[in-house]
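Following: one structure in structure tokens, then a few remarks.
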Ligand code: PMP
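In UniProt numbering, the protein residues as written are 11 to 405.
If you want it as structure tokens, here you go:
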């Protein structure tokens, strides 16, 4: 009995020692782990097929691996944190994040809102891929759909969002603690927090990742613009490090930015946007392309010699490229990524072999299964891919 007791005491001792060591090690490790409300870094990958064909190194920033499925997570975290610092919203008080978006920003806001203790009210045009609405519903967001109309129309999604936030703030509605419910209008198109986040976070992240893999110099950065925040912030940071960097706008069919870059028209917030007309069915490319110059895009446009060129990409080229990249590289990409890859390919061809071109892989094809990656939809739009898949003969 004595030996048994001793063994069990020793056993408990050893177990306790192991347990306490395990716990402290676990805690030490845990302090280095980030929650989904903080985690941001995404990897860089090479696109083998386009690199082989052009003789260049075509690099993609895998934003589609971010927790909310796109680079809009960065914006969502930053605007919410800024609003907290400005004492506009507080977690777990029933406060509401309100935004007008074509989807990705709403999904990121709803994701980060859940992680941080807020509600989300998302105003969206009704012509976007169905999975975005379904995803937002599952994320607990309240969705209000509006017709896709010009920004001059008071029913444009951005203007409705701004109005809803004001209405909530005026309503005097109270939470269960008796405190007034506050709403915060994100305003991604106009808020400087957007490009600043890409200048202070995304740009430096890309630069240090390039250094880590031994890419000392980038020849071109190719990017589309929804709000223009990514293009402005990332370009301005990378250009500060690599003076000879070319910045190329990738612009989808129906967007007016191509002409604006070419003629460098200055900011006009009241300029009528006009509804984007592309095909008999709704628009194909989601997330990039716009007909007004937002404050975020203007920030890039007014930097002397920042944007070197603009490349126009048709819906057909985007569809063909997405299927080509899937077959050759195994990358299942969304529509804006396909536009980026067409423009990156053109830029690499223009530069000639030996150059390095970086672009953004914004979101995955899984978010586009009912439109861009739907055979019936594509057929109806007259955009069935025709290429052999062996080469980029469609370009
Ligand atoms: N495409 C997709 C799918 C996006 O989610 C985004 C936003 N990250 C963009 C393009 C363009 O970004 P921005 O609003 O910064 O111009």
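Glycine is no exception: its CB is placed at the ideal position from the N, C-alpha and C atoms.
Starting from residue 61, trace the alpha helix (DSSP H) both ways and give me its first and last residue.
58-64
Quick one: what's got a C-beta closer than 6 Å to residue 348's C-beta in the same chain, skipping five residues either side?
328, 331, 332
Tell me the rounded alpha-carbon separation between residue 202 and residue 209.
11 Å
Please confirm if the region 54-74 is in contact with the region 350-362, defined as three or more CB-CB distances below 8 Å between the two stretches.
yes
CB residue 127 to CB residue 102, shorter than 7 Å?
yes
Using three-state DSSP, classify residue 130 as helix, strand or coil.
strand
Opposing strand residues paired with residue 135 [DSSP bridges]
156
Rounded straight-line distance, which links the Cα of residue 53 to that of residue 222:
11 Å
From the DSSP output, in three-state form, read off residue 192 for me.
coil
Give the C-beta separation of residue 238 and residue 307 to the nearest angstrom, bearing in mind that I take them to be a contact with Cβ-Cβ under 8 Å.
3 Å
With distances taken between CB atoms, is the gap from residue 132 to residue 145 smaller than 7 Å?
no
For residue 149 versus residue 193, is the C-beta distance shorter than 7 Å?
no
When you compare only the Cα positions, how much space is there between residue 401 and residue 335?
10 Å
Within this structure, are the beta carbons of residue 89 and residue 170 separated by less than 7 Å?
no
To the nearest angstrom, how far is it from the Cα of residue 288 to the Cα of residue 299?
Unreliable placement is indicated for residue 288, whose pLDDT of 37 sits below 50; the coordinate value is still reported in the next sentence. Straight-line Cα distance between these residues: approximately 12 Å.
Just the C-alpha distance for residue 224 and residue 217, rounded to the nearest angstrom, thanks.
11 Å
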